[in-house]
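Numbering (our numbering), first residue to last: 61 to 501.
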């Protein structure tokens, strides 16, 4: 296509002042100290997906728009003459594609003028294009015998805007050109950027008024197969169902654990009663020779004398062993097996004192009579044993032979005082340390 509908009023204008800079000889490339290098594109590199838009002109010009995006801001190009020939071929392919799509000849000519203006302005704004052959033999010069279209571009736009319904596809192409950076005459005018933005916004509103609301979906066929699921499954996420099932399983576990604890409580108490009866049963009377009385050793009492004087512990020592009982407002909080910090120094001292006596050491945990049912402690028996284990760990840190220690839990079966007040219950939440001396000690 060689006829130009705008040849009658064409003007020959030199490149815009202030946009170009001195450069190498025509056909050469400017060396770049930084920035990107424009690719030496093959014609196939311009091919993009066709029919991506209902606008035939935009579909045909897609490759040229992609080229503009790659060239803008590049610092050099290895073959400007070769690039010029390839771009010219792509412009001709644009004409063929638009003509094949049934676009009117006058709109194809106006669109070609806009594309040539955009490409020339893009190339001449680069360091390598401003002083090259492109300034005299650009796309406008090749197809329209002009060297600058920054004035006529907006004249054509104003003319076609008088009949927007007739030239809507063309107006959209002009809008895309401005969006991609075409400035034309507004580059050198006072307040050019704001005035250009006003022109572009007015064009956008004009297109929107005639084109209507654009499709916001990513795909024109986004409405897929109708969802046949019931309403509940569509609105309730799968993770919610999983969470409900997990909560029901947890609730079932807790219920069965509490039931098992209630049934095990009498068994624990029966076993504890048997142990106490066995411990206090009258032994079989056997004739023995009377031995001289053995004086109790007071090793622990002397070692812990300061703690005894301060009312922190009591120590009962006999010839066969000793019992250390911590006294105070409570070694533990209710339903807890964690030793209060204020008792840590005392337990450290007791651990050191146990190094001076021989024999097995039994750490006995006690609770008050308040029942406990939790995921961690099934009953007061579990809690009392856990308390004994907590104290055992603290004592073991200061003992030469921690293997002498064994824990035992007695729940609320051996209170110091009646569990009839918060103060008394705090005293009963304790741990006794029972030492059984070796026979040869």
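Idealized CB from N, CA, C, for every residue including glycine.
This structure is a prediction, so every number in the text was calculated from the model and none was measured.
- Burial state of residue 249 is exposed, judged by a 10 Å Cβ sphere holding fewer than 16 other Cβ atoms.
- Scanning the segment 202-253 from its first residue to its last, the whole alpha helix (DSSP H) runs of 4-plus residues come out as 212-220, 228-239.
- With at least 16 other beta carbons inside 10 angstroms of its own, residue 491 counts as buried.
- Between the alpha carbons of residue 132 and residue 147 lies a distance of about 14 Å.
- Between residue 480 and residue 427, the CB-CB gap reaches or exceeds 8 Å.
- Taking a cut-off of 8 Å for Cβ pairs, the segment 137-144 and the segment 236-254 do not touch, as fewer than three such pairs fall below it.
- In the three-state DSSP reduction, residue 392 falls in the strand class (E or B).
- With a minimum length of 4 residues, the unbroken runs of alpha helix (DSSP H) contained wholly in the segment 420-469 fall at 440-456.
- Assignment of residue 310 by DSSP, reduced to helix, strand and coil, places it in the helix class.
- Beta-bridge analysis with DSSP links residue 495 to 382, 421.
- For residue 300, the three-state secondary structure derived from DSSP is helix.
- Rounded to whole angstroms, residue 445 and residue 489 show a C-alpha spacing of 12 Å.
- Contact check for residue 184 against residue 231 fails: the beta carbons are separated by 8 Å or more.
- Cβ atoms of residue 233 and residue 118 come within 8 Å of each other, at about 6 Å.
- A direct Cα-to-Cα measurement between residue 432 and residue 438 gives close to 7 Å.
- Residue 264 and residue 124 have their alpha carbons spaced roughly 21 Å apart.
- A contact between stretches requires three or more CB pairs, one per stretch, nearer than 8 Å, and the segment 168-176 meets this requirement with the segment 149-156.
- When beta bridges are read from the DSSP output, residue 374 appears opposite 385.
- Here the alpha carbon of residue 204 sits roughly 32 Å from the alpha carbon of residue 269.
- When the beta-carbon positions are compared, residue 383 and residue 454 stay at least 8 Å from each other.
- The C-alpha of residue 385 is placed about 10 Å away from the C-alpha of residue 368.
- Excluding sequence positions up to five before and after residue 450, its CB lies within less than 7 Å of the CB of 397, 398, 399, all in the same chain and listed in chain order.
- In this structure the segment 193-201 does not lie against the segment 222-230, because fewer than three pairs of beta carbons, one per stretch, are closer than 8 Å.
- Residues of the same chain with a CB within less than 7 Å of the CB of residue 371, apart from the 5 flanking positions on each side, are 387 in chain order.
- Excluding residues up to 5 positions away in sequence, 240 lie with their Cβ nearer than 8 Å to the Cβ of residue 129 in the same chain.
- Taking residue 496 as reference, the option from 304, 142, 414 with the minimal CA-CA separation is 414.
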